[in-house]
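K.L.:
The structure is given below, and queries will be raised subsequently.
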């Protein structure tokens, strides 16, 4: 695809030079596996949003038991069977996606929201400020992440929002590191120096010049992290923190189906497949984005 | 001397980190909204019982006094008492730690022995069918929820094939007929040293599924890291120079390129340790493995805060020290590191 821009003949009107972001998107679109990943994600996002319209059993999806129909194997009426309370598993998957996917997106969003500005401040000011911020990130990064998240989630009390906060607290330092490294090299660039020399205040430089310029690496990293964030969320829900029954989450569906798994694997099994597909898709997309964002690997005809 | 200085600096940093970790874990335990004294006093406590519990636990003291008390007792090896079992936590940790470590070390071993060679071959034959296959395996490995994979393996190897046990460290029959003499707490070592081969075999069989499940993420990670590292090294000028001189491919790959892969190997070790420790919590639930993971999840369900905080602190300290050792090892092997 680079060749198209290179061999573009100098026509009457000067060819538009594609922006960095356009180049990345163009390279990204050539990755077939990643595009498949996008389809999977879109599917699960849509089914979670429109869950009540897509299933004939919205009440069961939301948690209402239906004991007479419990442990039905997958069949015509219930494509993925029913669980230990007789609820339609497909409906539970659609509703569970709401919790699992939102956890992933919001965790990454919160982590960027905390981590990125701190990284920019550390990198831009350097010196004492830098030292303090980076030592704090060191402390947070020295915990095994899931363990810290469990401790915080227990302290805050189980629940959807608390789980998200707990995971985000273990996650932001990665963005601080990423943005700091980028900022340190940006700081020396002429346009920043120019802004500084005409007296633009530091925080305005960070907000209007530094942060927009580190957006691409943040987006790439964020996509790569979405999968792990969802996995961590599922793990915390599996332990029993997080969303509480009767509300569904793919993680707590596995924990509820665990004791029945050897005889009736379909309900914990379906939830696991959902997590696996979504996380795999995010990882494929993240990998493709990373390759597309790196000029050294971008050329590759995939 | 520069290296010695680095060593000292790195060590001091580790101490500072551990102190800060203590402050943080202490802080986490105090933002707890539910009342720890009530949990300690048992179900339906009277106001008087709660007051006594508060006093016993030192919760009536100002925060800095509480922290100082906590800090000094931790330094003396006293991690407090479990609210649930009323046992000293330090003693519980000693019981559970070997089980966890045996599992974690097996997983690390698998990560290195399986992950690194696969990564090297995959990177060296980039674009080949083998490379595509390995990449598929590794990206699936980091995407699969390990606790779910554990269930699948149980379904297949225990329920269907009936060749591997469902969980726990040793079967009850073996524990009764050929009891394990407790020396190190690592059953494989204890049984091998005492020549208790029946129990050794049983322990090994019980380890297969949990260790493989736990190793999935580190193995996948090791493949990915080694692969990208080998690709990077192979594109370096000295490799090109070697190629131009007509050295055979095998010499280039295993003599020249792999030498530069020792550093990433250490990184892989560190990361697989980290991920094994984390993943261990979930694996232990699935396989009813009597280790730290089962201990802490039990504590989570009972909101047994001293246990959660102590396990977090304890594991983090191990984690920091392992990372310290790996960093120092890396500095010793790679002259470029000490220049940082």
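Protein chains in written order, with this note's numbering: chain A, 32 to 333; chain B, 28 to 367.
Even for Gly, the Cβ is constructed at its ideal location relative to N, Cα and C.
For clarity, every value in this text was computed on a predicted model and none was experimentally measured.
Would you report the Cα separation of residue 213 of chain A and residue 244 of chain B, rounded to the nearest angstrom?
P.N.:
Answer to the nearest angstrom: the Cα atoms are 29 Å apart.
K.L.:
How is the alpha helix (DSSP H) around residue 357 of chain B delimited, first residue to last?
P.N.:
Unbroken alpha helix (DSSP H) run through residue 357 of chain B: 332-360.
K.L.:
Using three-state DSSP, classify residue 115 of chain B as helix, strand or coil.
P.N.:
Residue 115 of chain B falls in the strand class under three-state DSSP.
K.L.:
Does the stretch 100-120 of chain A touch the stretch 141-150 of chain A, meaning 3 or more C-beta pairs lie closer than 8 Å?
P.N.:
Cβ pair count under 8 Å is below three, so no.
K.L.:
Who are the Cβ neighbours of residue 245 of chain A in its own chain at under 6 Å, not counting the five residues just before and after it?
P.N.:
210 and 213.
K.L.:
Name the chain A residues that come within less than 8 Å of residue 117 of chain B, Cβ to Cβ?
P.N.:
Residues of chain A passing the Cβ test: none, with the nearest at roughly 18 Å.
K.L.:
Is residue 175 of chain B close to chain A? Criterion is C-beta to C-beta, closer than 8 Å.
P.N.:
Interface residue, yes.
K.L.:
Kindly provide the ranges of any beta strand (DSSP E) runs that are 3 or more residues long and lie completely inside the stretch 189-272 of chain A, ordered along the chain.
P.N.:
Listed in chain order, nothing qualifies, since the stretch 189-272 of chain A has no complete beta strand (DSSP E) run of 3 or more residues.
K.L.:
Give the range of the alpha helix (DSSP H) segment to which residue 175 of chain B is assigned.
P.N.:
Start and end: 173-180.
K.L.:
Under the DSSP definition of a beta bridge, which residues are partnered with residue 119 of chain A?
P.N.:
In DSSP, residue 119 of chain A forms a bridge with A/113.
K.L.:
Quick one, are the C-beta atoms of residue 324 of chain B and residue 312 of chain B less than 8 Å apart?
P.N.:
Their beta carbons are under 8 Å apart, which means residue 324 of chain B touches residue 312 of chain B by this criterion.
K.L.:
Quick check on DSSP: helix, strand or coil for residue 108 of chain B?
P.N.:
Residue 108 of chain B: strand per DSSP, three-state reduction.
K.L.:
Once DSSP output is grouped into helix, strand and coil, what is the label at residue 38 of chain B?
P.N.:
Note: residue 38 of chain B maps to helix in three-state DSSP.
K.L.:
Give the list of continuous alpha helix (DSSP H) stretches no shorter than 4 residues that lie fully inside the stretch 235-289 of chain B.
P.N.:
Taking only runs of at least 4 residues, the alpha helix (DSSP H) segments lying wholly in the stretch 235-289 of chain B are 264-271.
K.L.:
Alpha helix (DSSP H) containing residue 186 of chain A: first to last residue?
P.N.:
Element bounds for residue 186 of chain A: 176-187.
K.L.:
Return the chain-ordered list of same chain residues with a C-beta closer than 7 Å to the C-beta of residue 127 of chain A, the five sequence neighbours on each side being excluded.
P.N.:
Cβ neighbours of residue 127 of chain A beyond the five flanking positions: 279, 280, 281, 284 and 302.
K.L.:
Cβ atoms of residue 253 of chain B and residue 92 of chain B: under 8 Å apart, would you say?
P.N.:
Not in contact: residue 92 of chain B and residue 253 of chain B (Cβ atoms no closer than 8 Å).
K.L.:
Quick check: the stretch 153-173 of chain B against the stretch 223-237 of chain B, are at least 3 beta-carbon pairs closer than 8 Å?
P.N.:
No: the two stretches stay apart, fewer than three of their Cβ pairs being nearer than 8 Å.
K.L.:
Is there a Cβ from chain A that is less than 8 Å from the Cβ of residue 108 of chain B?
P.N.:
Judged by the 8 Å Cβ criterion, residue 108 of chain B is not in contact with chain A.
K.L.:
Please return the same chain residues whose Cβ sits closer than 7 Å to the Cβ of residue 185 of chain B, not counting the five positions on each side in sequence.
P.N.:
Answer for residue 185 of chain B: 191, 192 and 193, listed in chain order.
K.L.:
With a cut-off of 8 Å, do at least 3 Cβ pairs link the stretch 168-180 of chain B to the stretch 271-291 of chain B?
P.N.:
No: fewer than three Cβ pairs fall under 8 Å.
K.L.:
For the alpha helix (DSSP H) that contains residue 144 of chain B, what are its first and last residues?
P.N.:
Segment 143-151, the alpha helix (DSSP H) holding residue 144 of chain B.
K.L.:
Would you kindly work out how many angstroms separate the C-alpha atoms of residue 222 of chain B and residue 139 of chain A, rounded to a whole number?
P.N.:
If you take the alpha carbons of residue 222 of chain B and residue 139 of chain A, they lie about 52 Å apart.
K.L.:
Expressed to the nearest angstrom, what Euclidean distance is found between the alpha-carbon atoms of residue 87 of chain B and residue 259 of chain A?
P.N.:
In a straight line, the C-alpha of residue 87 of chain B is about 41 Å away from that of residue 259 of chain A.
K.L.:
Hey, quick one: how far does the alpha helix (DSSP H) through residue 293 of chain A stretch, first residue to last?
P.N.:
No alpha helix (DSSP H) holds residue 293 of chain A; DSSP gives it neither H nor E.
K.L.:
Would you kindly work out how many angstroms separate the C-alpha atoms of residue 42 of chain B and residue 345 of chain B, rounded to a whole number?
P.N.:
Between residue 42 of chain B and residue 345 of chain B, the C-alpha separation is close to 12 Å.
K.L.:
Just tell me which of B/181, B/351 and B/250 has its CA closest to the CA of residue 238 of chain B.
P.N.:
Residue B/181 is the option with its Cα nearest to residue 238 of chain B.
K.L.:
Report the rounded CA-to-CA distance for residue 93 of chain A versus residue 187 of chain A, giving the unit in angstroms.
P.N.:
Taking the straight line joining both Cα atoms gives about 24 Å.
K.L.:
Determine the direct distance from the alpha carbon of residue 267 of chain B to that of residue 332 of chain B, and round the result to whole angstroms.
P.N.:
Straight-line Cα distance between these residues: approximately 58 Å.
K.L.:
By the criterion of Cβ-Cβ separation under 7 Å, what are the contact partners of residue 176 of chain A in chain B?
P.N.:
Going along chain B in sequence order, the residues near residue 176 of chain A (Cβ under 7 Å) are 305.
K.L.:
Is residue 321 of chain A helix, strand or coil when you go by DSSP?
P.N.:
Of the three classes helix, strand and coil, the one that applies to residue 321 of chain A here is helix, per DSSP.
K.L.:
Is the CB of residue 172 of chain B under 8 Å away from at least one CB in chain A?
P.N.:
Residue 172 of chain B counts as touching chain A.
K.L.:
What residues in the stretch 256-267 of chain A bring their beta carbon closer than 7 Å to a beta carbon of chain B?
P.N.:
So the list reads 258, 262, 265 and 266, given in the order they occur along the chain.
K.L.:
Whole angstroms is fine: what's the gap from residue 277 of chain A's alpha carbon to residue 81 of chain B's?
P.N.:
Whole-angstrom Cα-Cα distance: 35 Å.
K.L.:
On the premise that residue 319 of chain A lies in contact with residue 336 of chain A, defined as a C-beta separation below 8 Å, what is that separation, rounded to the nearest angstrom?
P.N.:
Residue numbering for chain A in the displayed model covers 32 to 333; residue 336 of chain A lies beyond these limits and cannot be assessed.
K.L.:
Find the nearest neighbour of residue 350 of chain B within the set A/228, A/264 and A/173, judged by alpha-carbon distance.
P.N.:
Among A/228, A/264 and A/173, the Cα nearest to that of residue 350 of chain B belongs to A/173.
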